[in-house]
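Numbering (this note's numbering), first residue to last: 109 to 397. The beta-carbon is built from N, C-alpha and C at its ideal position, and this holds for glycine as well. Right, one structure below, let's go through it.
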Ligand code: SF4
Ligand code: SF4
């Protein structure tokens with residue numbers, strides 16, 4: 109390894125440690141140009157930061173073990189767990205600019221139209237070697253922690269990239285066995301599209317060979333409160349001619365929670381984790397005791 113490679117490896121390691129200390133559960137790195145083979149122009153790191161060399165991806169914990177065991181399933185979302193990976197990204201971006209003198213920005217991940225984000229955090233996590241897509245709503249599963257929330261930063265700093273995992277995390281060995289015996293898996297049986305659910309798929313030779321996820325149906329069920337529900341009720345309110353009924357709609361529990369979801373950006377992520385609740389990957393982390 110040349111001296112320059114050793115320096116890059118040392119900087120890479122120290123940035124990862126800072127990210128982990130700032131609250132990320134895992135940190136991985138993708139080469140910025142690794143996105144080029146998967147997404148068109150307009151969705152690549154270079155489109156958001158000219159001269160981009162690296163993408164640092166932070167995975168944050170999902171709900172605590174206690175939250176997974178709450179008898180009221182809505183509780184998981186109401187307490188919210190989608191911030192720690194963003195904090196880690198901000199801390200690492202500051203470090204890169206202040207200590208190393210390179211540019212760094214948080215990768216834009218919130219959709220601006222439809223469901224397509226400017227940059228895919230799912231792809232970033234896969235390219236950074238943090239996990240692979242699953243049969244459960246395409247959620248990226250980390251081999252040890254299962255579902256995590258992801259954020260990323262783009263930087264002009266050259267770093268040592270990680271690589272896509274060699275072995276797919278999904279299906280887990282026990283899911284392959286279940287598939288061979290019963291023709292289903294825990295996640296598919298939690299939400300089967302044949303019975304009004306959102307998921308379907310096929311496994312052959314221990315690998316996913318078909319994968320179906322009805323995102324619109326899942327969205328309507330899992331994201332009960334958010335921009336969609338706000339718009340839906342708002343339309344009803346503006347078209348309502350009866351002032352008493354209009355008032356009832358405005359002060360209704362449903363509309364109030366929709367407004368709160370927008371204001372706090374909390375309840376709008378998901379209210380259903382059933383496909384992940386039954387997934388064996390990361391089960392130990394969700395159980396703890
Ligand atoms: S989040 Fe809920 S509704 Fe969506 S796919 Fe999973 S189990 Fe089905
Ligand atoms: S339960 Fe988890 S590991 Fe098993 S098939 Fe579904 S997503 Fe994959």
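Membership of residue 311 in any alpha helix (DSSP H) is not indicated; the residue belongs instead to the beta strand (DSSP E) covering 307-312. Set against 8 Å, the gap from the CB of residue 244 to the closest heavy atom of ligand 2 is smaller. Judged by the Cβ position, residue 231 fails to qualify as a neighbour of ligand 2 at the 8 Å threshold, every heavy atom of the ligand being at least this far. Judged by DSSP in its simplified three-state form, residue 122 adopts helix.
If you keep only unbroken beta strand (DSSP E) runs of at least 3 residues inside the region 167-248, you get 212-214. Contact check for residue 242 and residue 277: beta-carbon distance about 7 Å, within the 8 Å limit, so the pair qualifies. Take the alpha-carbon of residue 238 and the one of residue 135: they are about 8 Å apart. Here residue 206 is exposed. Its C-beta has fewer than 16 other C-beta atoms within 10 Å.
If you compare the alpha carbons of 229, 294 and 157 with that of residue 212, the shortest gap goes to 157. For residue 234, the distance from the CB to the nearest heavy atom of ligand 2 is not below 8 Å. Residue 319 has 309 as its beta-bridge partners, per DSSP. With three or more CB-CB distances shorter than 8 Å, the region 193-202 counts as touching the region 123-142.
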